[in-house]
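Residue numbers (the UniProt record's numbering): 1 to 703. Following: one structure in structure tokens, then a few remarks.
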């Protein structure tokens, strides 16, 4: 039976490479013991100090105090030491009467460690001063907030920096990933008393607050003992900062940054820290800048200026009245402004003197005697420009405007498109926020079950602008009492879609759902499925750009209805809708299409092969099909027609459109480097599926 990959060996696994992968340096604590005989539930800090009087400072790694099993009984504590010697010392003392106050303690080995694999970092530097702010010149750093006595840990294998410190009696951890670092500069001023490590940021570090249980002590809290937090500094200085600067001792040993950062430089020029001030006009969403009194900049210009500040292209403290005069359309040609701001966005480094830079650009425009080309291009039908905002726990980022597929609401308010924003709540690395960031497992029953990140998102949503008129136009949602369902129904009108035709009420019919009641359970076999006439389906296909093809089904939005409609050649009405498709009441008659039926490639896999084998299909049949699949994949590297056919059949969709267009234009897979590289990647992916899943393509699946 051929139930798995046929005649294939695991040649592709390079075990030597796996062995040579970089490993995290880990320190395994040798010994953990249980101490019995405490008269009451003791403070773990007191137990730690008591034990270190015998073993030395810093030898206790973790302590957990257990609750007594019954009233009046004695308690015990589990203690994890940093080395075997410390644990043996306490066990030896316990054998010779170790007294805690008036209580005699006994010791035994614990079954397992409190922290199974305590982690140590490649290098740590203590007593560092951490400065948040903005670099305003090559030699000057504008300081917004500073913290002394910071412990910095470099986790190069983890590709992260960690900063540990205490602020207002609370322990914090900042986690800065390499992906959020633009470049690193080490300043060694001649004759200076300290060095400065300047880190230019793409994004803010993740902020954590320690949440250690009351009956536990950890010298270094594990990951599950840290809870995500928002910016706790005055005026949200972490969020307003585009860089951070570490003040390091001259004799401190530094890691080899050159190995880990491409954009790393050292210099011996003078470097100064000056006291700055917050520049954001909003205390919750930072950094957001506004024009000074007397200036009235257009929304689009101010949006672009904020985008440049938030992405580190402009230092916020450098934006004074002179700058805003140069981006005021009442004083400067708006085409000059838009083109110059677009150029600023693509500079390789921060522009510390934007006033001089803008003046030079405008002089070039005037000297050339012609206006620069507008940055925006005309869009195809159904596409619109929409501004986007990304909100993280510490910062806000303005983006765009970006090209988006239109939706029902945007089409109804074309003159107000600039007033719409696509808002995303993301993490500091612009990845998704997980549920644990919003509602963690807190250590105390009295703790709030929501994090500050959750409160930040809720506050932003509550303080948003109301749009009652738009909601009234969308439909009647008053009967929907569930909050989640209410939000989902509002979202129906914001689904990316293509407008087709208006279908009036007399052109539709409401048909019953197909329901069957069996043993008291009601089954709906037509849930969300309606019908569309062949004439309307053909008209929609023509409008969508299909020449000789009419899809058999469409995913639609019509008024308050949503679902899929299948083509019915006998239907007398344009649309036949069911009760299960109705989500709310609406008078809107526009038929919007979100998707349609497409060609679906047919592949054989292990499960199907197993079934067919048990039905008597011989192994040689599968081997023959496998050989055909490999031969077809080999042919795409040399034969343009075979390559085009394989892309059409095996990978329909937008991702391969550019490759198909190149083949149609006459490019040869064997001569054009980019096309050859992409086809080889495509072939490798399909061969991987073939090897691991026995997944090979059937061109004529009906036979």
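Each residue gets a CB set at the ideal place from its N, CA and C atoms; glycine is no exception. Quick caveat: nothing in here was measured; it's all calculated off a predicted structure.
Tell me which same chain residues have a C-beta within less than 6 Å of the C-beta of residue i, skipping the five on either side of it?
i	result
residue 500	540, 543, 591, 593
residue 713	Nothing can be reported for residue 713, as the shown portion of the chain is limited to 1 through 703.
residue 150	128, 130, 163, 165
residue 28	Model confidence at residue 28 stands at a pLDDT of 43, short of 50, so the residue's coordinates are unreliable and nothing is read from them.
residue 125	152, 252
residue 400	387, 388
residue 284	none
residue 39	103
residue 367	none
residue 646	636
From residue i to residue j, what does the alpha carbon distance come to, in whole angstroms?
i	j	result
residue 81	residue 170	25 Å
residue 608	residue 600	17 Å
residue 196	residue 186	6 Å
residue 136	residue 472	49 Å
residue 648	residue 260	42 Å
residue 48	residue 346	55 Å
residue 76	residue 490	57 Å
residue 604	residue 513	35 Å
residue 333	residue 372	11 Å
residue 133	residue 321	21 Å
residue 408	residue 382	11 Å
residue 437	residue 392	11 Å
residue 483	residue 588	23 Å
residue 688	residue 329	57 Å
residue 54	residue 178	42 Å
residue 25	residue 117	Low local confidence applies: a pLDDT of 42 at residue 25 is under 50, so the model's placement there is unreliable, with the coordinate-based value given in what follows. Approximately 10 Å, taken between the alpha carbons.
residue 494	residue 293	37 Å
residue 659	residue 300	36 Å
residue 465	residue 668	Note that residue 465 scores a pLDDT of 42, beneath 50, so its modelled location is shaky; the value from the coordinates is reported in the next line. Going from the Cα of residue 465 to the Cα of residue 668 covers about 54 Å.
residue 110	residue 159	34 Å
residue 620	residue 634	21 Å
residue 638	residue 157	42 Å
residue 297	residue 348	27 Å
How far does the alpha helix (DSSP H) with residue i in it extend, from its first residue to its last?
i	result
residue 54	44-55
residue 542	534-544
residue 257	257-260
residue 95	84-95
residue 436	435-438
residue 658	657-664
Using a Cβ-Cβ cutoff of less than 8 Å, which residues in the same chain neighbour residue i once the five nearest sequence positions on both sides are dropped?
i	result
residue 314	305, 308, 344, 350, 351, 354
residue 12	With a pLDDT of only 35 at residue 12, under the threshold of 50, the placement of this residue in the model should not be trusted, and no figure is reported.
residue 426	390, 391, 392, 432, 433
residue 200	135, 181, 182, 183, 184, 185, 242, 243, 312, 350
What span of residues does the beta strand (DSSP E) with residue i cover, start to end?
i	result
residue 267	264-267
residue 355	Counting along the chain, residue 355 falls outside any beta strand (DSSP E), though it belongs to the alpha helix (DSSP H) covering 354-368.
residue 331	Run containing residue 331: none; DSSP gives neither H nor E here.
residue 286	From DSSP, residue 286 is part of no beta strand (DSSP E); its letter is neither H nor E.
residue 549	That residue, residue 549, is in no beta strand (DSSP E); it is neither H nor E in DSSP.
residue 179	From DSSP, residue 179 is part of no beta strand (DSSP E); its letter is neither H nor E.
Within 10 angstroms of the Cβ of residue i, are there 16 or more other Cβ atoms? Answer buried if so, exposed if not.
i	result
residue 99	exposed
residue 673	exposed
residue 341	buried
residue 551	buried
residue 485	exposed
residue 546	exposed
residue 231	buried
residue 237	buried
residue 64	buried
residue 428	buried
residue 33	buried
residue 271	buried
residue 488	exposed
Given the structure, does residue i come close to the ligand ADP, in the sense that its CB is under 7 Å from one of the ligand's heavy atoms?
i	result
residue 244	In the structure shown, the ligand ADP is absent, as is every other ligand, since no ligand is present at all.
For residue i, which residues from the same chain have a beta carbon less than 7 Å from its beta carbon, with the 5 sequence-adjacent residues on both sides left out?
i	result
residue 222	115
residue 569	534
residue 143	131, 133, 273, 274, 275, 276
residue 560	475, 582, 583, 584, 585, 586
residue 420	386, 410
residue 403	379, 383, 385
Measure from the C-beta of residue i to each C-beta in chain C and report whether the shortest distance is under 8 Å.
i	result
residue 661	Within the model displayed, chain C is absent; a lone protein chain is all it includes.
Checklist entry - Which runs of the beta strand (DSSP E) spanning at least 3 residues fall entirely within the stretch 560-644, listed in chain order? => result Runs found: 561-568, 575-578, 590-596, 602-604.
Next on the checklist: List, from N- to C-terminal side, the beta strand (DSSP E) runs of 3 residues or more that fit wholly inside the stretch 190-219.
Outcome noted: Fully enclosed beta strand (DSSP E) runs of 3 or longer: 194-201, 206-210, 216-218.
Next on the checklist: Quick check on the DSSP output: what are the complete alpha helix (DSSP H) runs of length 4 or more inside the stretch 293-323, in order along the chain?
Outcome noted: Counting whole runs of 4 or more residues, the stretch 293-323 contains the alpha helix (DSSP H) stretches 299-310.
Checklist entry - Where in the stretch 462-534 do unbroken runs of the beta strand (DSSP E), each at least 3 residues long, occur, reported from the N-terminal end onward? => result The beta strand (DSSP E) runs lying completely inside the stretch 462-534 and spanning 3 residues or more are 498-502, 508-511, 515-518, 521-524, 529-533, given in chain order.
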